[in-house]
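In what follows, a single structure is set out as C-alpha cells and then discussed.
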Amino acid sequence: MANTREDTLAAFSRLLDIQDELREKCPWDKKQTNESLRPHTIEEVYELCDALMEDNPIEIQKEMGDVMEHLVFYSIIAREKGRFDMADVLNKEADKLISRHPHIYGDKQAANPEEVGKIWEQVKQKEKDGNKTVLSGVPASLPSLIKAYRIQDKARNVGFDWEKPEDVWEKVYEEIGELRAEFERGDAERSAKELGDVLFSIVNAARLYHINPDTALEQTNRKFMSRFGYVESKAKEQGKDIKDLTLAEMDILWNEAKSFEK
Numbered sequence: 094m095a096n097t098r099e100d101t102l103a104a105f106s107r108l109l110d111i112q113d114e115l116r117e118k119c120p121w122d123k124k125q126t127n128e129s130l131r132p133h134t135i136e137e138v139y140e141l142c143d144a145l146m147e148d149n150p151i152e153i154q155k156e157m158g159d160v161m162e163h164l165v166f167y168s169i170i171a172r173e174k175g176r177f178d179m180a181d182v183l184n185k186e187a188d189k190l191i192s193r194h195p196h197i198y199g200d201k202q203a204a205n206p207e208e209v210g211k212i213w214e215q216v217k218q219k220e221k222d223g224n225k226t227v228l229s230g231v232p233a234s235l236p237s238l239i240k241a242y243r244i245q246d247k248a249r250n251v252g253f254d255w256e257k258p259e260d261v262w263e264k265v266y267e268e269i270g271e272l273r274a275e276f277e278r279g280d281a282e283r284s285a286k287e288l289g290d291v292l293f294s295i296v297n298a299a300r301l302y303h304i305n306p307d308t309a310l311e312q313t314n315r316k317f318m319s320r321f322g323y324v325e326s327k328a329k330e331q332g333k334d335i336k337d338l339t340l341a342e343m344d345i346l347w348n349e350a351k352s353f354e355k
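Note that the numbering used here has the sequence shown beginning at 94, numbered continuously upward.
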C-alpha cells in the first residue's frame, strides 16, 4: 500500500528530529561544516546517478535518502548560523516553482516543453535575485559535457538555435575537417581547440535530436567496461595476462562479448 501524505510528512519530520539529535550528540556530526560535508555530498549525488542509470529501485531509494540526509544537514548548519532553516528552503523552492510556472499558476500559455523552457528562462531573468545574463546560471563547476549541453539549451530558450536539426550536420562536418587538418599539421595547441569545437558541435547535434549526450556517453562507457571485462576474464581463463594477447585474439573475444549483448 502506498504511503499517504501524512505518512510522508511524518517520515520527513522523523528525519529532521534524528538529524537534530545526531548533531547534538554524535562526535562526528558535531564537527561537520559545509566545507567538510561538500565532498561527501558530491560522492552521494554520483552514487544516486549510478543507481538511476542502472534503474535499480532499491539503490535509488537508498541513495535518495543519503542525498536527502545531506540537505537536512546543511539546513541545520545554516540554522545554527542564523541564516535559514529547512522551512525557508522548502518555502522558497515552492514560491520559485509557482513563479516560474505562470502557465499553470498565471495567465501564460505553454503547449509544449520547449515553450515551458522559454517561459522559465524569461521569468528567471526578471527575478530580483535571478541570473543577470542568459548564461550566468550555468554552474562553473559542472562537468564540461553537461555544461556544454546546458549552455546550448539556455541559448535555445532565447531563440539562438538552428532552425532545423539537420542544419547542424554541416557544422559538425566542418569542425571535424578542421580538427583533422590540425592533427595532420601536428599543432597540439590548435588541435586541442578544434577538438573542443568538434565535441561542442556533437553535443549540439545530440541536443537537437533530443538525446542527452552525458547519458549516451555513460551508456557507452559501461558497455566498453563490460566488454573489456569479458576479454580480461577470458584471458585469465586461458592462463594469460590480457597484455599478452594479440590484437587479433582480443578482437575475437571482444566480438564474443558483443554477441552476448544481442
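All C-beta atoms in this analysis are idealised placements derived from N, C-alpha and C, irrespective of residue type, glycine included.
Original post:
In whole angstroms, what separates the C-alpha of residue 358 from that of residue 307?
Top reply: The structure shown has nothing for residue 358, since the chain only spans 94 to 355.
Subject >> CB-CB length for residue 122 against residue 116, believed under 8 Å >> reply: Within the sequence shown, numbered from 1, the residue matching residue 122 stands at position 29. Within the sequence shown, numbered from 1, the residue matching residue 116 stands at position 23. Yes, they are in contact, since the Cβ atoms of residue 122 and residue 116 sit about 5 Å apart, within 8 Å.
Original post:
Taking the alpha carbon of residue 265 as the point to measure from, which residue in 309, 214, 293 has its own alpha carbon closest?
Top reply: The residue you call residue 265 lines up with position 172 of the sequence shown. For the residues 309, 214, 293, the minimum Cα distance to residue 265 belongs to 293.
Subject >> Status (buried if at least 16 other CB within 10 Å, exposed otherwise) for residue 331 >> reply: Position 238 of the sequence shown, counted from the first residue, corresponds to residue 331. With fewer than 16 Cβ atoms within 10 Å of its Cβ, residue 331 is classed as exposed.
**OP:** Count the other C-beta atoms from every protein chain shown that fall within 10 angstroms of the C-beta of residue 112, then say buried if there are 16 or more, exposed otherwise.
**Re:** Counting from one through the sequence shown, the residue named residue 112 turns up at place 19. Label assigned to residue 112: buried.
Original post:
To which residues of the same chain is residue 239 closer than 8 Å at the C-beta, ignoring the five residues directly before and after it?
Top reply: What you label residue 239 is simply residue 146 of the sequence shown in a count that begins at 1. Around residue 239: 307.
Subject >> Proximal residues to residue 155 (C-beta, below 8 Å), its chain only, five neighbours per side dropped >> reply: In the sequence shown, counting from the first residue as 1, residue 155 sits at position 62. Contacts found: 144.
Subject >> Beta-carbon proximity check, residue 178 vs residue 191, cutoff 9 Å >> reply: Taking the first residue of the sequence shown as position 1, residue 178 is located at position 85. Taking the first residue of the sequence shown as position 1, residue 191 is located at position 98. Contact: no.
**OP:** Using the Cα positions of residue 176 and residue 182, report the straight-line distance between them to the nearest angstrom.
**Re:** For the purposes of this step, residue 176 is taken as residue 83 along the sequence shown, with counting starting at 1. For the purposes of this step, residue 182 is taken as residue 89 along the sequence shown, with counting starting at 1. Roughly 11 Å separates the two Cα atoms.
**OP:** Rank 279, 135, 291, 200 by C-alpha distance to the C-alpha of residue 261 and give the top, closest one.
**Re:** Indexing the sequence shown from 1 puts residue 261 at position 168. It is 291 whose Cα lies nearest to the Cα of residue 261.
Original post:
Where residue 299 and residue 237 are concerned, what is the direct C-alpha to C-alpha distance, given to the nearest angstrom?
Top reply: Residue numbering aside, residue 299 sits at position 206 when the sequence shown is read from its first letter. Residue numbering aside, residue 237 sits at position 144 when the sequence shown is read from its first letter. Each residue's alpha carbon lies about 15 Å from the other.
Original post:
Under a Cβ-count criterion, where at least 16 other Cβ atoms within 10 Å of its own Cβ denotes burial, should residue 193 be classed as buried or exposed?
Top reply: If you number the sequence shown from 1, residue 193 lands on position 100. By the 10 Å Cβ count, residue 193 comes out buried.
Original post:
Expressed to the nearest angstrom, what Euclidean distance is found between the alpha-carbon atoms of residue 241 and residue 289?
Top reply: Along the sequence shown, one-based indexing puts residue 241 at 148. Along the sequence shown, one-based indexing puts residue 289 at 196. Looking at the two C-alpha atoms, the distance is approximately 10 Å.
**OP:** Can you grab the Cα-Cα spacing for the pair residue 245 / residue 297, in whole Å?
**Re:** Against the sequence shown, residue 245 aligns to sequence position 152. Against the sequence shown, residue 297 aligns to sequence position 204. Their backbone Cα atoms lie some 7 Å apart in a straight line.
Original post:
Beta carbon of residue 243, beta carbon of residue 231: below 9 Å?
Top reply: Residue numbering aside, residue 243 sits at position 150 when the sequence shown is read from its first letter. Residue numbering aside, residue 231 sits at position 138 when the sequence shown is read from its first letter. Yes, the Cβ-Cβ distance between residue 243 and residue 231 is below 9 Å.
**OP:** Enumerate in chain order the residues of its own chain whose CB-to-CB distance from residue 172 is below 6 Å, with the five nearest sequence positions on each side excluded.
**Re:** The residue labelled residue 172 in the question sits at position 79 within the sequence shown. Hits under 6 Å: 178.
Subject >> Spatially closest choice to residue 352 from 187, 136, 324, 314, by CA coordinates >> reply: On the sequence shown, position 259 is the one that residue 352 refers to. Out of 187, 136, 324, 314, 324 has the C-alpha closest to the C-alpha of residue 352.
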